[in-house]
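Novice:
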Amino acid sequence: MKYFMASIAGRRRSGRISFNPINRLKDKLVVMKQLKDRLPKQVDEALNGQALAAEGWATKTRSLFAVVFAASAIWTWNNPSNAKYVYLQLTAAWMVMAAAGAVLKKSPRDNLTTMTMIDLTIVHLGLAAFVWQGLFPGLGSEIFLCYFPILAIAANRRRMSAALKAALYAGAGYAAISLWGGSSPLFHVALLFTTAFVFVAGSRKSKDLTVNIAGKAIEEAFDLGARQKEHDLVQKAHQLFLPPSIVDLPEIWVASKHGAGTETGGDYFHIFERPDGPLVAVGDLGGRGFEVLGEVADLHKRLGRAISRETDLPKILEELNGYLCEKYEGRRTFTCALARWEGEKMLYVNAGHLPMIQMSKPQGAQIINHKQLPVTCGPVGAQAEATFTESTVPFPARDQLVIYTDGVFAKVTESRDKGVSEVEALVEKFSGAEVTTLCHRIFDCAQTGFDPNKDDSTVVVIRRQPVAAPASAEGKAAG
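Heads up: the sequence shown begins at 1 in the numbering used here, then just goes up one per residue.
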């Protein structure tokens, strides 16, 4: 049986599988710049809509002014002065402006700015009327308060220039009228400009804030899309060189499930068919993104050469250890478990990998026993003169072996010991299931939540086949 690991290395050398992070970054920056350059214009268009919406509040404010000045006219009706007539004229003016605002609610931005200036002019005329009647500041000075809601509405249109013009017009007009009436305008003008400054600064900041937030959102969206695309490529590339999810050989039945990580990768799984029986290798090189696939492909080639020359598992790993030490100088290690079968026993080497779990059901027993097969030595590639120890355990027909990587329990816990206990609990819980179901349940139940796993994960379940007369594949898997 042949799989496609060697083809990955060949495609990587020939250029058919390539990954250039510099070009990818340049393309990303170009597209992001184009989108960011469009943002100010798009925000301006959105704020134009906000300006039209603000005109609705302006109409309501004018109507409220009309009611207030009508009430003021009634309140001063018995006053011998002409204040009531000024209030009535202001009431009529605000009613006309409220009607005009309702008609021009959907007008272009320039018309809305003109309406604001007319509102301020009405306030100026009201104050001037009280000065002309000689009533200011005893009567009519409260009209000064009308400036503030008008300026607030101008600022709510989110146009800095419009808010600034309105503030200057209001301040200059009030100063002139107050001086005409013989009153000092300094305090009121200072108060007016302080409030206007807050309004003007706020009208500008909203645009800057919107552009900044949208710009960050674009960057995050690009990063997320790039990571998702890379994750999809890694997942598809893994499918090229991993064995099929179900492998049926005369000696063993194997079910496996693999998930690519969004950040780290390097899981390795392969079944080597040899004249003396299959050899299963499961390991984790560790690495990030798409690049680690090429490194795993190179590792597979070296491991395949060693297996073709050597029979003993320790000698195979010694040859692989020399290659990794020479290439990475101890900076990268390969944790792995190698297993092969001879009659009713299994020979294995666990080089720094997670403990494997053996499941046994003695003849006539109702309960399936399980036990951990301990680590036998350190990882491959850590030391140049490392020694790899082989262990032998009884492994009769229908016994099962569970091998997995640390990404399987990464969402549950970061602790190695707790993770092994979690997987062992799942093995015990689903021990009555057939091989493929057991594999999928361990994998799926350990992957809690809906977020993708950051680290790639692999579960392999191996069942020793009976040596007796052949049976259907379904029957072989269900014992």
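Even for Gly, the Cβ is constructed at its ideal location relative to N, Cα and C.
1) Helix or strand or just coil, what does DSSP make of G449?
2) What did DSSP end up calling R332 once you bin it into helix, strand or coil?
3) Buried or exposed for L192, please, with buried defined as at least 16 other CB atoms from any protein chain shown within 10 angstroms of its CB.
4) Using the Cβ count rule (16 or more neighbours within 10 Å means buried), how would you classify T531?
5) Taking D455 as the reference, give the member of F130, V393, G266, E318 with the closest Cα.
6) Taking the alpha carbon of P243 as the point to measure from, which residue in T262, F272, E263, E251 has its own alpha carbon closest?
7) On the DSSP letters alone, give me the boundaries of the beta strand (DSSP E) that L373 sits inside.
8) Are three or more beta carbon pairs between the stretch 62-74 and the stretch 85-95 nearer than 8 angstroms?
9) Tell me the rounded alpha-carbon separation between T333 and K361.
10) Smallest Cα separation from M117: which of G171, S421, K429?
11) For I177 and L64, I'd like the C-alpha separation in whole angstroms.
12) Taking L354 as the reference, give the member of L373, D119, G343 with the closest Cα.
13) Which of the three DSSP states, helix, strand or coil, is assigned to G101?
14) Is A196 closer than 8 angstroms to L151 when the C-beta atoms are compared?
15) List the whole-angstrom C-beta distance separating E342 from P394, where the pair is believed to meet the contact cut-off of C-beta under 8 angstroms.
16) Using C-beta distances below 6 angstroms, list every residue in its chain close to L338, excluding the 5 sequence neighbours before and after it, in chain order.
17) Between T508 and F144, what straight-line distance do the alpha-carbon atoms span, to the nearest angstrom?
18) For S256, which three-state DSSP category applies?
19) Measure the alpha-carbon distance for A155 versus V189 and round it to whole angstroms.
20) What do you reckon, are the CB atoms on E422 and T436 nearer than 8 angstroms?
21) Any idea if P80 is buried or exposed, counting beta-carbon neighbours within 10 angstroms, 16 or more meaning buried?
22) If distances are taken between C-alpha atoms only, which option among V86, M160, L317, E295 comes closest to G126?
23) Closest Cβ-Cβ distance between S360 and chain B: below 8 angstroms?
24) Quick one: using the 10 Å Cβ neighbour count with 16 as the cut-off for buried, is K429 buried or exposed?
25) Have a look at I403, M95, L186 and flag the residue whose alpha-carbon is nearest the alpha-carbon of M356.
26) If contact is defined by three or more beta carbon pairs under 8 angstroms, each pair taking one atom from either stretch, is the stretch 288-300 in contact with the stretch 253-260?
27) Give the DSSP-derived three-state secondary structure of E414 in the structure shown.
28) Taking R305 as part of the alpha helix (DSSP H), name the residues at either end of that continuous run.
29) Could you check where the alpha helix (DSSP H) with L151 kicks off and where it finishes?
30) For the alpha helix (DSSP H) containing S161, name the first residue and the last one.
31) How many Å lie between V375 and F450 at the Cα?
32) Measure how close the beta-carbons of D317 and F388 come, nearest whole angstrom, since I'm counting them as under 8 angstroms.
33) Looking at the unbroken beta strand (DSSP E) that takes in V461, where does it start and where does it end?
34) Quick check: what's the CA-CA separation for V103 versus T76?
35) Do F443 and V467 have their CB atoms nearer than 8 angstroms?
36) Within the continuous beta strand (DSSP E) that includes L135, where are the two ends?
Specialist: In terms of the structure at hand:
1) coil
2) coil
3) buried
4) The shown model of the chain, from 1 to 479, leaves out residue 531, and the question about it has no answer.
5) G266
6) Closest by C-alpha distance to P243, out of T262, F272, E263, E251, is F272.
7) 369-373
8) Enough Cβ pairs lie closer than 8 angstroms, so yes.
9) Cα to Cα, the separation comes out at about 36 angstroms.
10) G171
11) Spanning the two alpha carbons is a distance of roughly 24 angstroms.
12) L373
13) Helix.
14) Contact: yes.
15) Not quite, the Cβ-Cβ distance comes to about 11 angstroms (not below 8 angstroms), so this is no contact.
16) A281, L313, V349
17) No answer is possible for residue 508: it lies beyond the span of the chain, which begins at 1 and ends at 479.
18) strand
19) 18 angstroms
20) Against a cut-off of 8 angstroms, the Cβ pair of T436 and E422 comes out as no contact.
21) exposed
22) V86
23) In summary, chain B is missing from the structure at hand, where a single protein chain is found.
24) Exposed is the call here.
25) Shortest Cα-Cα distance from M356 to any of I403, M95, L186 involves I403.
26) Not touching, per the Cβ criterion.
27) coil
28) The continuous alpha helix (DSSP H) containing R305 extends over residues 291-309.
29) 147-156
30) 160-180
31) 32 angstroms
32) A quick correction: the sequence has Leu, not Asp, at residue 317. Right, the Cβ-Cβ distance comes to about 4 angstroms (below 8 angstroms), so this counts as a contact.
33) 457-464
34) Using only the alpha carbons, I get a separation of about 32 angstroms.
35) no
36) Note, L135: premise wrong, no beta strand (DSSP E); not H, not E.
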